[in-house]
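From first to last, the protein sequence lines stand for chains A and B.
Going by the numbering used here, the first sequence opens with residue 62, and the numbers climb by one from there.
Going by the numbering used here, the second sequence opens with residue 62, and the numbers climb by one from there.
Cβ coordinates follow ideal geometry from the N, Cα and C atoms, glycine included.
This report concerns only the one structure given below.
Number of protein chains: 2
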Amino acid sequence: MKTDTVFKRAFNDALDLVAKLGDGEQLPSEPALSARLEVSRTTVRKVLQAFAERGIVTGGGRQRIVGSTAAASERFPEAETVTMAEQVEKRFMEWMLRDNARPGTAINELELARQFGTATTGIREFLNRFQRFGLIEKRPNAGWVFKGFTTSFALELFEIREMFELRSAQAFAALPEDSPLWQQLEALREEHHFLLTEIERRYHDFSGLDSRFHRLVNSAAPNRFIDSFYDIITVIFHYHYQWNKQDERQRNEVAIREHLTYTEALFSRNAAMIELACRAHLASARETLIRSTSGQDPAA
Amino acid sequence: MKTDTVFKRAFNDALDLVAKLGDGEQLPSEPALSARLEVSRTTVRKVLQAFAERGIVTGGGRQRIVGSTAAASERFPEAETVTMAEQVEKRFMEWMLRDNARPGTAINELELARQFGTATTGIREFLNRFQRFGLIEKRPNAGWVFKGFTTSFALELFEIREMFELRSAQAFAALPEDSPLWQQLEALREEHHFLLTEIERRYHDFSGLDSRFHRLVNSAAPNRFIDSFYDIITVIFHYHYQWNKQDERQRNEVAIREHLTYTEALFSRNAAMIELACRAHLASARETLIRSTSGQDPAA
DNA sequence: GTTCTGTTTCTTATAGAGAAAAACCAAGAA
DNA sequence: TTCTTGGTTTTTCTCTATAAGAAACAGAAC
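Written out as structure tokens, the structure is:
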């Protein structure tokens, strides 16, 4: 059976919306809500019905009014708004990174399913998608092997990343003066400066900024394979950051400064400078990743 | 329920083996057969039992002898030896390339399942794996869209391919004199020459040679992401060749000559020559692919 | 005529089950 | 001791089923 996470998330979102509208106000139409909440009208109607039952809205048909219980109404817990597939991803990444799974470990669909409390179907689906990360390998009819979060993984990942990023950075520099990307770059520069002033308190926010920065650079000359590769980077770093807190503040501060140098170089449009700044930044990012790999490559 | 394609394929293979042994000969042990046929001993035993029932082998335990009916025994038809997943891939690629599906077409799991005569699970699994080809896109809770086998697909594919191949080719040139890869390259050169002499009759054989040649170049400095990307190339070309027969003989002859120039360049270890030869070959391969794309990119 | 709601139909996400294949275990033969 | 076979357990592959969610349809309201 499907989980009703979509409904629950929409319910919570709609609750915020209704609270913002205030008591006695008229609700938007179903199609309007559907667009706003980014779910189908079917789900909107289900939410609306739940609201009616709880007295959050009164009246029906075209006359739906925000009721008095709206503010007091209970939300669904966050945990119930994540889809099964997302849970599997999260749990698997934790298993891999936090429990420090050894290279060569056999991955057992059935066992993972039991451990995660889901059906095997979901595990299989995840593993099939996850295959492209280059961390697991399938042996037909005999399960999967974990290849290990090893040094050579990090090296291979960064070899490609460097090729892609250098290419995109040069493409960025070649952008016409009036490209909107320059303004976006300027805006990101501001954000970097701002984060630097608040670094003590908000250093965790760098992760998201990092991703947006590199995606912007990559968007100068879009290529679906590069985008897709960047998805891998993003996921790896996302979980990696959550798990490796060592020197986080300092690492991030260094990275911000590197981004700023890199940004300068882009604005200068000087190919040599760009290459230098880009290489320098990637080299230090690589170091960080390597330091947290298991180090042990499986015997060939 | 699982298909018994593994058993049937093993049965056929074992039949070949038994025929080669000849009447009255002793069979290898179960573990030996398991290794030879590349299936588990469980399957070997099932085959052996089937052989016993058909009188293909006589005796049991450690004394299994090839019987007289071995030569006359019926094989399972090829069609029954391909696994469901392989069938789905084949049918889907045909749907995409041969039926010339339009960019933006919605892909319906249920409909494909009906069309291919399989359960939806298998379709889902395939689509999830196929996602990395960059030809389809998932919209959560609402199926998949086919992005189209378009010109920009071909361009993006070849942009990456060129980056990877240039890098690998230079790495190849930097290989030590005594690397075994040089001999393999020499052997492939021979094969190219030989194929050229028989080109009229055997031009279809180029496809496999092409794949082996480029994989050899890539193996100079292994990188899992490059390998994985090359899997995509291989599959695309495999099906593309089956479908686009136009000028096949001539195209392949040109490509063989390009490979030979490319090989010369590698042996020369001259970076500039290598780049030139590699670029030239990839450019003509790209042209071929572009000519068979639908050409119509979806409106942005 | 456009936009809305009520209703119906179709599709996706997930669970569950069972046969095929692999992996394991123990006892016997070489 | 090492390899082989017979029997048992575990895991993968694939199908079926069903609630959740999207999409299509039709009539009503603006």
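Chain-ordered neighbours of residue 141 of chain B on chain A, where CB pairs are closer than 8 angstroms: Simply none; closest approach about 17 angstroms.
Beta-carbon contacts of residue 304 of chain A that lie in its chain and below 7 angstroms, excluding the five residues immediately before and after: 158, 159
Min CB distance residue 153 of chain A to chain B below 9 angstroms: no
Within 9 angstroms of chain A by C-beta, residues of the stretch 207 to 221 of chain B in sequence order: 208, 213, 214, 216, 217, 218, 220, 221
Against chain A: residues of the stretch 333 to 355 of chain B by CB proximity under 7 angstroms: none
Proximal residues to residue 263 of chain B (C-beta, below 7 angstroms), its chain only, five neighbours per side dropped: 256
Among A:282, A:299, A:289, the one whose alpha carbon lies nearest that of residue 270 of chain A: A:299
Min CB distance residue 157 of chain A to chain B below 9 angstroms: no
Three or more C-beta pairs below 8 angstroms linking the stretch 62 to 80 of chain B and the stretch 345 to 359 of chain A: no
Cutoff 9 angstroms: residue 138 of chain B Cβ touching any chain A Cβ: no
Straight-line gap, residue 322 of chain B to residue 146 of chain B (C-alpha atoms, nearest Å): 39 angstroms
Residue 195 of chain A: contacting residues in chain B (beta-carbon distance under 8 angstroms): 285, 286, 289
Residue 316 of chain A, DSSP secondary structure in three states: helix
Same chain only: Cβ atoms within 7 angstroms of residue 312 of chain B, ignoring 5 sequence neighbours per side: 349
Below-9 angstroms beta-carbon distance, residue 182 of chain B vs any chain A residue: yes
Beta-carbon proximity of residue 117 of chain B to residue 130 of chain B, cut-off 9 angstroms: yes
Contact set between residue 67 of chain B and chain A, taken where Cβ atoms lie within less than 7 angstroms: 202
Within-9 angstroms CB hit, residue 145 of chain A to chain B: no
Separation of residue 127 of chain B from residue 119 of chain B, as counted between CA atoms: 6 angstroms
Interface partners of residue 331 of chain B on chain A, CB under 9 angstroms: The premise fails here: residue 331 of chain B is roughly 22 angstroms from chain A at the closest Cβ pair, so nothing lies under 9 angstroms.
Residue 117 of chain B in three-state terms, based on DSSP: coil
Local Cβ density within 10 Å of residue 123 of chain B, reported as buried at 16 or more and exposed below that: exposed
Coil, strand or helix - residue 63 of chain A by DSSP: coil
Where residue 398 of chain B sits in the DSSP three-state scheme: Absent from the model: residue 398 of chain B. The displayed extent of chain B is 62 to 361, so no value can be given.
Simplified DSSP assignment, three categories, for residue 207 of chain A: strand
8 angstroms CB neighbourhood of residue 197 of chain B in its chain, flanking five on each side removed: 168, 188, 191, 205, 206, 207, 208
7 angstroms CB neighbourhood of residue 232 of chain A in its chain, flanking five on each side removed: 281, 282
Three-state class that DSSP yields for residue 356 of chain A in the structure shown: coil
For residue 152 of chain A, the nearest candidate out of A:174, A:165, A:166 (CA to CA): A:174
Cutoff 9 angstroms: residue 185 of chain A Cβ touching any chain B Cβ: yes
Any C-beta of chain A under 9 angstroms from that of residue 101 of chain B: yes
Listed by chain order, chain A residues near residue 189 of chain B by CB distance under 7 angstroms: 186, 189, 190
Short Cβ contact (9 angstroms threshold) for residue 358 of chain B with residue 166 of chain B: no
Bounding residues of the alpha helix (DSSP H) (the contiguous stretch that carries residue 172 of chain B): 170 to 177
Delimiting residues of the alpha helix (DSSP H) encompassing residue 306 of chain B: That residue, residue 306 of chain B, is in no alpha helix (DSSP H); it is neither H nor E in DSSP.
Chain B contact for residue 72 of chain A (CB, 9 angstroms cutoff): no
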